[in-house]
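Reading through the structure tokens given below for one structure.
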Amino acid sequence: MRPLPTPFVILLTITILLTSCKPNDLTPAYLQIDYYDVNYNPETGISPLDVSTYNETHGENYDSEQLRALMQHTFTHVNVYANSKNLGCWKLPCRVPILNVPDNDSSYVIILPAFPLNGMTSTINGYPFFNVLRKNMMLKRGETCKVSDYPLKFIYNSVTKIPFMETFTNSSPFTPTDTANSTHYFQPTQVDGLHVGEIILQGEEFFDVSTSAITLPIGNYYIYLEMTYRVDNNMEIGMKLSTATSSSTVHQIGGVYPTNGEWKTVCFRLGGIINDYHNTSANATNVTLLLTGIGKKGERTRFDIDDIKIIYSPRA
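Going by my numbering, the sequence shown wraps up at 318, each residue one higher than the last.
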């Protein structure tokens, strides 16, 4: 038998390869994630955070106002994973393209809420206190799947502790500091139907208030201060630290700025400050929160805060 001509062999090989290889379909599916998919909706009263069993699982006895405070977050971003692939951090609302989609099966998706750390939009941090939530979703190439069709339900992980929380329902934990030449403090009142702590200054009056000591762990922990606020002028936030083996020191946490009548939420990371300044043999530190502000000249200046809490859990 005569051998086939070389050009013919090459052409035959190319033809076989082209007809036997199925090209990958690079058409993505899309995942639509909206703001209220991961945040409490005050209009509907619906929250993706389930606190119905929090008292039972954490050995607490929080009332309805305190449980409501546990749902108050302002998550502005989400970290998204699909079928074991990290798809990055996305600002809400977002439409996330997903390529690794099985043709005839569901995909498993992980959505982790995230927020601007210390109020800075340049530093986005995943919220570490929820259990990881995996959802099976039917994603189809060329189509958009709405997360609202697969409602999310987050819960606090079982090792989360909240040693300090104030909703200003009946009392205030803040009193003027010993060194303050001011009698102002956050007094419980109702604003827009909500229980809040409020200070109203006339002219260039000021306030300088503190809490009693709060015991927090030292070491490998996530520790955050969270607060909702509405202020007419700058407010500085600090803390005084001490342990059984060290004297007290005062440290700046951060600040908040005028909100133009809007309620906002801020979250500050405390763990790094605590560990940096108390690298000792002690396993706990006493923390006293410090808040200070000043009024505007010739004006009436309001400072409202609510749902202020310190929350921590061990790092994995």
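Where a beta carbon is used, it is the ideal one built from N, C-alpha and C, also for glycine.
Terminal residues of the beta strand (DSSP E) in which residue i lies
i, result
"residue 71", "Element bounds for residue 71: not the beta strand (DSSP E) but the alpha helix (DSSP H), 66-72."
"residue 288", "286-296"
"residue 238", "237-245"
"residue 90", "87-93"
"residue 258", "248-258"
"residue 103", "From DSSP, residue 103 is part of no beta strand (DSSP E); its letter is neither H nor E."
"residue 315", "302-316"
"residue 197", "196-204"
"residue 135", "No beta strand (DSSP E) contains residue 135, which DSSP labels as neither H nor E."
"residue 232", "223-233"
"residue 216", "216-219"
"residue 79", "79-84"
"residue 165", "163-168"
"residue 299", "Premise fails: residue 299 is in no beta strand (DSSP E) and is neither H nor E."
"residue 191", "189-193"
Boundaries of the alpha helix (DSSP H) in which residue i is found, first to last residue
i, result
"residue 121", "Taken as a continuous stretch (DSSP letters only), residue 121 belongs to no alpha helix (DSSP H), as it is neither H nor E."
"residue 58", "56-60"
"residue 275", "273-279"
Buried or exposed (CB count within 10 angstroms, at least 16 for buried), residue i
i, result
"residue 221", "exposed"
"residue 28", "exposed"
"residue 153", "exposed"
"residue 23", "Caution is warranted here: a pLDDT of 49 is assigned to residue 23, below 50, making its placement in the model unreliable, and no coordinate value can be reported."
"residue 219", "buried"
"residue 199", "buried"
"residue 236", "exposed"
"residue 65", "exposed"
"residue 31", "buried"
"residue 261", "exposed"
"residue 259", "exposed"
"residue 110", "exposed"
"residue 97", "exposed"
"residue 107", "exposed"
"residue 264", "exposed"
"residue 212", "buried"
"residue 250", "exposed"
"residue 161", "exposed"
"residue 100", "buried"
"residue 71", "buried"
"residue 146", "exposed"
"residue 214", "exposed"
"residue 49", "buried"
"residue 232", "buried"
"residue 230", "buried"
When the options are compared against residue i, the one with the closest alpha-carbon
i, options, result
"residue 304", "205, 167 and 171", "205"
"residue 289", "246, 140 and 98", "246"
"residue 115", "124, 109, 131 and 105", "131"
"residue 228", "143, 255, 161 and 124", "255"
"residue 314", "300, 286 and 299", "286"
"residue 292", "44, 257, 119 and 72", "257"
"residue 201", "172, 76, 306 and 174", "306"
"residue 242", "146, 183, 77 and 279", "279"
"residue 128", "83, 185 and 48", "83"
"residue 104", "177, 138, 253 and 273", "138"
"residue 300", "272, 203, 318 and 47", "203"
"residue 61", "244, 165 and 272", "165"
"residue 268", "125, 118, 248 and 171", "118"
"residue 274", "223, 217, 51 and 244", "223"
"residue 126", "38, 47 and 76", "76"
"residue 124", "78, 47 and 38", "78"
Beta-carbon proximity of residue i to residue j, cut-off 8 Å
i, j, result
"residue 225", "residue 276", "yes"
"residue 80", "residue 134", "no"
"residue 149", "residue 34", "yes"
"residue 270", "residue 239", "yes"
"residue 309", "residue 169", "yes"
"residue 112", "residue 136", "yes"
"residue 94", "residue 36", "yes"
"residue 294", "residue 234", "no"
"residue 167", "residue 311", "yes"
"residue 45", "residue 197", "no"
Beta carbon proximity, residue i to chain D, threshold 8 Å
i, result
"residue 28", "Among the chains of the structure shown, chain D does not appear; only one protein chain is present."
Any non-hydrogen atom of the ligand ADP closer than 7 Å to residue i Cβ
i, result
"residue 26", "Ligands are entirely absent from the displayed structure, and the ligand ADP is therefore not among its contents."
Evaluate the contact criterion for the stretch 184-196 versus the stretch 87-97: three or more CB pairs, one atom per stretch, below 8 Å.
no
I'd like to know if the stretch 52-60 and the stretch 154-161 are in contact, where contact means that at least 3 CB-CB pairs between them fall below 8 Å.
yes
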